[in-house]
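**Q**
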Amino acid sequence: MTDTRPHPPLRPLWLCRVCLAPWPCPPARDALLVAYAGDRVGLCLFLAWRMFDADADLRALHPADPPPPTELFRRFLRWTRRPAPGASTQLGRADRPG
256 MTDTRPHPPL RPLWLCRVCL APWPCPPARD ALLVAYAGDR VGLCLFLAWR
306 MFDADADLRA LHPADPPPPT ELFRRFLRWT RRPAPGASTQ LGRADRPG
């Protein structure tokens, strides 16, 4: 059975409230891809805003050892190029990484 519960972030730790994985966890990513289907720019803007919030929260919690920006980018934005669950896995010419 698929877990259909929402997987929101637990702030200021930025862990998933359900599975305690770093947020956005895989179920949250899948749900976000579905929620923003057809609006990848909106998804990226939403996640960039959340990444900014996470950076501030995590720097306040760990001022001596904050997460590097590259780690936050991978966690919040890099994965957004993948297809939504159930979408075709073929990339069109405009969607190919360049």
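So for the sequence shown, my numbering puts the first residue at 256; every next one is plus one. Every residue gets a Cβ at the ideal spot worked out from N, C-alpha and C, and that includes glycine.
Using only the alpha-carbon positions, how far apart do Ala286 and Arg333 sit?
**A** So the alpha carbons of these two residues sit roughly 16 Å apart.
**Q** Look up Pro338 in the DSSP assignment and say whether it is helix, strand or coil.
**A** Here Pro338 sits in coil by DSSP.
**Q** Measuring alpha carbon to alpha carbon, tell me which of Ala283, Arg314, Ala292, Leu316 ends up nearest Gly341.
**A** For Gly341, the nearest C-alpha among the options comes from Ala292.
**Q** Buried or exposed, going by whether 16 or more other CB atoms sit within 10 Å of the CB of Ala317?
**A** The residue you asked about is not Ala; residue 317 is His in the sequence shown. Under this definition His317 is an exposed residue.
**Q** From the DSSP output, in three-state form, read off Cys271 for me.
**A** Reduced to three states, the DSSP call for Cys271 is strand.
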